[in-house]
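K.L.:
In this note's numbering, the protein residues as written are 99 to 282.
(1) Bridge partners of residue 252, per DSSP?
(2) Can you confirm whether residue 173, when its beta carbon is compared against all beta carbons of chain C, has any partner nearer than 8 Å?
(3) So residue 182 is in the beta strand (DSSP E); what residue range does that whole segment cover?
(4) Rounded to whole angstroms, what's the CA-CA distance from residue 220 to residue 236? Just pull it up for me.
(5) Tell me whether the stretch 114-129 and the stretch 190-201 touch, counting them as touching only if at least three CB pairs, one residue from each stretch, are closer than 8 Å.
(6) Under a three-way DSSP split, which group does residue 196 fall into?
(7) Considering Cα atoms alone, identify which of 142, 110, 178 is closest to residue 151.
(8) Short check: CB of residue 242 to CB of residue 198, under 8 Å?
(9) Applying the criterion that 16 or more other CB atoms from any shown protein chain within 10 Å of the CB defines a buried residue, is residue 215 buried or exposed?
(10) Could you pull out every unbroken beta strand (DSSP E) segment of at least 3 residues lying fully inside the stretch 124-156, listed in chain order?
(11) Give the straight-line distance between the Cα atoms of residue 211 and residue 178, rounded to the nearest whole angstrom.
(12) Expressed to the nearest angstrom, what Euclidean distance is found between the alpha-carbon atoms of residue 158 and residue 121?
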């Protein structure tokens with residue numbers, strides 16, 4: 099079942115801690131709806147990637163330029179009247195508010211939620227990713243779940259990828275109909 103494109107917000111951020119499946123789910127949402135997908139990790143400055151690869155958690159000061167670059171991507175897509183799905187951990191409410199401000203409020207979030215055990219097993223199984231499993235706990239400590247925030251669809255990750263994508267798309271459709279994507 100495909101979402102009606104006019105019901106989608108101009109931009110969707112697929113968020114959560116490392117290992118939750120942001121890239122796979124984001125690419126799936128984008129493909130199902132004819133939208134462009136951007137891998138947010140590719141927008142990190144080299145210094146951030148190096149820190150994380152060394153097992154050093156990022157600070158707010160490290161993350162702000164990255165969040166601003168994601169905001170630029172959202173604005174570019176909006177100016178071109180193109181839909182965009184982008185992956186970004188968006189761990190804190192202040193980060194999500196910063197992205198909403200960059201998007202002029204025309205932004206929805208899909209929060210991918212899972213147990214520490216499931217997240218850790220996924221991180222340990224992946225190959226060639228700069229983010230070591232040792233940083234999972236710092237991400238979980240930093241995470242401010244978006245419970246109760248407008249324009250957020252929460253999906254559990256303990257199921258098949260296609261099911262996660264379908265639930266995310268259904269949630270986005272329902273939230274769009276309710277007008278849940280307006281800035282607070």
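Ideal Cβ positions, reconstructed from N, Cα and C, are used throughout, including at glycine. Bear in mind that the values here come from a model prediction, so they are computed numbers and not experimental data.
P.N.:
Reading it off the structure:
(1) 209
(2) Although the question refers to chain C, the structure presented lacks it and comprises just one protein chain.
(3) 182-185
(4) 16 Å
(5) no
(6) helix
(7) 142
(8) no
(9) exposed
(10) 134-136
(11) 31 Å
(12) 22 Å
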